[in-house]
Amino acid sequence: MTNIHQIRTDWLFDGTGGRARSNMLLTIRNGMFERIEEYRHERVINPSRFTDLSSPATILPPLVDCHVHLAWSASTDQRVRKEQQKGTPDQIRRRIAQHIHHHFIHGILAVRDGGDRAGHGMRHQNNPAPSCEEPVVVKSGPAFCRQGRYGKGIGQPVQEDESPARAFSRFGTRCDHVKVINSGINSLTSYGRETQPQFTLAELRALVRHAHRIRKKVMVHANGREPVRLALEAGCDSLEHGFFMGRDNLRRMADLQTTWVPTVHAIRAMADPTPPRLPGIDPEVAKRTLDHQLEQLALAREFGVRIALGTDAGCPGVLHGEAMVGEIRLFLEAGFPLTTVLRLASIHGARLLGLDHDRGIEPGRPAHFLVVRALPALLPERLTDLQAIYLEGRRRDLKILSSH
Ligand SMILES: [Zn+2]
């Protein structure tokens, strides 16, 4: 027996980047979108299987956060951050479940984990906490840095005489991607300071070749011109952060159609001048760094760089779930229209995570979507107060879920 359900909404963002459409009717059959058209009274097939959400309502596609650290909380207290590295496996599993819940209630139905020292984010996939019931897709994999360089808090250092490809091949295939750290962290005391690449072009190429052979994607953490140039030349799938990469790299990225995940909100959190300040950070330098990244974003838009949104949630001051609102807001500040940002935050992210077949509000796709009880002018802020999430056409009410 077929199961039909129809929904009326005031506004619809379908995730394609086109204009928001008003007064729309969504017809869902057996959990899939069948028709998406303007609402007319006579198009309602069966009034008992019809829901009018217009009170008012805006429908959007589920969001994707392409860069999170599930094992870390957003605490700005250094002691708490150190302690949480040492929790028992059970405590960490529960914390990860809580972070996934926060993503879910903000409409983020897929995340990509950027790593942690002990690989907890990666283990979660095979062994989630019993309390973790949310249908959030988690993509994860090992991360590698050079011995003695930045990155051992995120992944495993590889020795001087070992290549990242060899380290990854020893790891096996139980992962979605491999991450490589190819620069230092952004300096928050000395504006625009660049660091040397951690790996050579040949090493990065060998890693990409091996990863693609076994159908895994490669995400590269890189800031500064040379570390980014090498990552792009090597053929990485996504470039993370990319602070101070410069114009030439932005053009290169547009030519190669490499996805850029700029993690701007994480720097905004550092630029907050109100106490308590984070140790070792000059908020003035953070603010200038943020402005520079927003300029790079505007250039990327002009050049046609493929971008997906990632928040670096779990870094100090960057909350799981909520940070997506801040990330979207900064893209708007950089001059992107809301409808474009929603495409980057949904369909582009889904493609990077290999979920393209499953996302986007169009006929023939699973009926996953978010409902905000507000007009589009109140986005993105009202994402913190979603009314409902529909999964394969079935409603999950957020008012009940958020109290759990
Ligand atoms: Zn990160």
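In the numbering used here, the protein residues as written are 319 to 722. Glycine residues also receive a C-beta, built at the ideal position from the N, C-alpha and C atoms.
Query: Run the proximity test for aspartate 630: is its beta-carbon closer than 6 Å to any non-hydrogen atom belonging to ligand 1?; Result: yes
Query: With a cut-off of 8 Å, do at least 3 Cβ pairs link the segment 639-649 to the segment 398-409?; Result: no
Query: Between the C-alpha atoms of histidine 610 and cysteine 463, what's the straight-line distance to the nearest angstrom?; Result: 26 Å
Query: Once you ignore the five residues that flank histidine 385 on each side, which residues in its own chain have a CB closer than 7 Å to its CB?; Result: Arg430, Gly432, Glu558, Val579, Thr581, Gly628, Thr629 and Asp630
Query: Report yes if the C-beta distance between glutamate 621 and arginine 669 is below 7 Å; otherwise report no.; Result: In the sequence as presented, glutamate is not what sits at residue 621; that position holds phenylalanine. It is not a contact, given that the beta carbons lie outside the stated cut-off.
Query: Measure the beta-carbon distance from valine 690 to threonine 376 and round it to whole angstroms, keeping in mind my assumption that it falls under 8 Å.; Result: 5 Å
Query: Could you compute how far the alpha carbon of methionine 330 sits from the alpha carbon of lysine 404?; Result: Looking at the sequence provided, one finds leucine at residue 330 rather than methionine. Spanning the two alpha carbons is a distance of roughly 45 Å.
Query: Between the alpha carbons of aspartate 328 and arginine 339, how many angstroms are there, rounded?; Result: 8 Å
Query: Between which two residues does the alpha helix (DSSP H) containing valine 456 stretch?; Result: Segment 455-457 is the beta strand (DSSP E) holding valine 456; no alpha helix (DSSP H) there.
Query: Quick check: what's the CA-CA separation for aspartate 434 versus glutamate 645?; Result: 22 Å
Query: So what does DSSP say about asparagine 567, is it helix, strand or coil?; Result: helix
Query: Tell me the DSSP secondary structure of arginine 691 in three-state form.; Result: coil
Query: So, is glutamine 514 buried or exposed, given that buried needs 16 or more other C-beta atoms within 10 angstroms?; Result: exposed
Query: From which residue to which residue does the beta strand (DSSP E) around glutamate 352 run?; Result: 350-356
Query: Please determine whether the Cβ atom of glycine 439 lies at a distance below 6 Å from any heavy atom of ligand 1.; Result: no
Query: How far does the alpha helix (DSSP H) with serine 487 in it extend, from its first residue to its last?; Result: 482-489
Query: With burial defined as no fewer than 16 other Cβ atoms inside 10 Å of the residue's Cβ, what is the status of histidine 675: buried or exposed?; Result: exposed
Query: Comparing the CB of glycine 667 with every heavy atom of ligand 1, is any distance shorter than 6 Å?; Result: no
Query: Measure the C-alpha to C-alpha separation of cysteine 493 and proline 634 and round it to an integer number of angstroms.; Result: 26 Å
Query: For threonine 657, I'd like the list of residues in its chain whose CB is within less than 8 Å of its CB, leaving aside the five on either flank, ordered along the chain.; Result: Phe331, Gly335, Gly336, Arg337 and Ala338
Query: How far does the beta strand (DSSP E) with arginine 347 in it reach, from first residue to last?; Result: 339-347
Query: Check whether the Cβ of glycine 333 lies closer than 6 Å to any heavy atom of ligand 1, and answer yes or no.; Result: no
Query: With a threshold of 6 Å (Cβ to nearest heavy atom), would glycine 678 be considered close to ligand 1?; Result: no
Query: Report yes or no: do the segment 347-361 and the segment 596-616 share at least 3 C-beta pairs separated by less than 8 Å?; Result: no
Query: Spell out the partners DSSP gives glutamine 416 in its beta bridges.; Result: In DSSP, glutamine 416 forms no bridge with anything.
Query: Closest to alanine 520 by C-alpha separation, out of Glu680, Arg484 and Ser508, would be which residue?; Result: Arg484
Query: Consult DSSP for glutamine 403 and reduce its assignment to one of helix, strand or coil.; Result: helix
Query: What's the C-alpha gap between aspartate 408 and aspartate 703?; Result: 30 Å
Query: Is glutamine 324 helix, strand or coil by DSSP?; Result: strand
Query: Could you compute how far the alpha carbon of isoleucine 414 sits from the alpha carbon of proline 365?; Result: 42 Å
Query: Pull up the distance between the alpha-carbon of arginine 624 and that of threonine 577, whole angstroms please.; Result: 5 Å
Query: Quick check on glutamate 558: does DSSP put it in helix, strand or coil?; Result: strand
Query: Could you name the residues of the same chain whose beta carbon sits closer than 6 Å to that of leucine 388, not counting the 5 residues immediately before and after it, in chain order?; Result: Ile414, His417, Asp431 and Gly439
Query: So which of Gly349, Ser481, Ile354 and Val476 has the shortest CA-CA distance to arginine 326?; Result: Ile354
Query: For lysine 605, which of helix, strand or coil comes out of DSSP?; Result: helix
Query: Indicate whether methionine 342 and alanine 685 have their beta-carbon atoms separated by less than 7 Å.; Result: no
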